[in-house]
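Note sheet for the following structure.
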Amino acid sequence: MTDMTVTSASRSASPEDLSHVSLEPGVSRPGRGGLGRAAAWLGRRWPTMLGLGLAALSALDLEDGREQGVLVFIAALIYLGTAVAGRPGVVWILFAAATVALALLKVSGTDPWPALVGAAIALAVVGLVSGLRHGPRLALAQIPAMALFGGAALLALALSPTLGACLVAAALMAHAALDALLWRRQAVVTRTMSEFCAALDLTLGLAILALTLT
Numbered sequence: 408m409t410d411m412t413v414t415s416a417s418r419s420a421s422p423e424d425l426s427h428v429s430l431e432p433g434v435s436r437p438g439r440g441g442l443g444r445a446a447a448w449l450g451r452r453w454p455t456m457l458g459l460g461l462a463a464l465s466a467l468d469l470e471d472g473r474e475q476g477v478l479v480f481i482a483a484l485i486y487l488g489t490a491v492a493g494r495p496g497v498v499w500i501l502f503a504a505a506t507v508a509l510a511l512l513k514v515s516g517t518d519p520w521p522a523l524v525g526a527a528i529a530l531a532v533v534g535l536v537s538g539l540r541h542g543p544r545l546a547l548a549q550i551p552a553m554a555l556f557g558g559a560a561l562l563a564l565a566l567s568p569t570l571g572a573c574l575v576a577a578a579l580m581a582h583a584a585l586d587a588l589l590w591r592r593q594a595v596v597t598r599t600m601s602e603f604c605a606a607l608d609l610t611l612g613l614a615i616l617a618l619t620l621t
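At position 112 of the sequence shown (counting the first as 1) the number is 519 in my numbering, and the numbers step up by one without a gap.
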């Protein structure tokens with residue numbers, strides 16, 4: 408009679424009710440510990456980790472904060488290029504291409520600024536001609552953003568090391584705010600890029616300020 412009662416109860420129990428039951432005596436179901444949750448969180452936040460890592464590398468090699476203005480310019484440039492393309496995923500391709508091109512220019516001893524300024528002007532013209540002004544507002548806003556951040560990067564080169572570095576730091580942190588807006592709106596670029604860029608810009612901007620003013 409007892410065996411029949413136990414069998415009937417187990418049949419009527421739901422899978423959730425039996426989820427705690429061990430298949431072997433003395434063996435419990437393995438739980439998901441804090442280490443597993445931390446690993447899962449890090450897996451989701453890889454853009455932040457990548458941005459922080461790149462910011463740390465840039466800060467370690469920092470001599471003149473004005474030199475980091477090129478990062479502000481490139482960020483605005485690839486965002487504008489992505490807005491013109493109308494495909495958020497293109498931003499990572501443009502980022503890789505810009506990184507390689509900048510490295511090649513530096514190795515060859517070529518001044519990158521003429522090429523960067525020319526690319527920015529060309530993209531702005533293409534964007535206006537292709538109808539970007541009739542698209543989403545945040546996409547169109549990348550043209551004045553290019554002028555603002557690009558102008559700040561160029562102006563910093565003409566200022567004293569301290570003032571120029573502070574201007575670059577302010578531009579980086581301002582671009583981080585733009586990244587936060589784009590991340591929240593899921594606009595212009597992919598969320599992974601806006602997250603990566605926000606972590607990089609904010610951390611590097613604070614590092615430049617700290618190293619310049621101390």
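Note that CB positions come from ideal geometry on N, CA and C, so glycine has one too.
Taking a cut-off of 8 Å for Cβ pairs, the segment 458-477 and the segment 570-581 touch, as three or more such pairs fall below it. The beta carbon of Thr489 lies closer than 7 Å to those of Pro495, Val497, Val498, Leu501, Val595 and Val596 in the same chain, with the five residues before and after it left out. Taking a C-beta distance under 8 Å as the contact criterion, Ala560 and Val479 qualify as a contact pair.
The segment 556-571 makes contact with the segment 459-473: 3 or more CB pairs, one atom from each, lie closer than 8 Å.
In terms of Cβ geometry, Ala552 and Ala483 form a close pair [threshold 8 Å]. The DSSP-derived three-state label of Ala546 is helix. Less than 8 Å divides the Cβ of Ala605 from the Cβ of Trp590. The Cβ atoms of Ala583 and Gly612 lie closer than 8 Å to each other. Ile481 and Leu512 do not touch by the CB rule: their CB atoms are close to 12 Å apart, not below 8 Å. Annotated three-state conformation of Leu589 is helix, per DSSP. With a 10 Å radius around the Cβ and a threshold of 16 neighbouring Cβ atoms, Thr517 comes out exposed.
Membership of Arg598 in the alpha helix (DSSP H) is indicated by the continuous run Arg598 to Leu620. Distance from the Cα of Leu609 is smallest, within the candidate group Asp586, Leu539 and Leu469, for Asp586.
In the three-state DSSP reduction, Gly525 falls in the helix class (H, G or I). Per DSSP, the unbroken alpha helix (DSSP H) holding Ala504 starts and ends at Val497 to Val514. Rounded to whole angstroms, Gly542 and Val532 show a C-alpha spacing of 15 Å.
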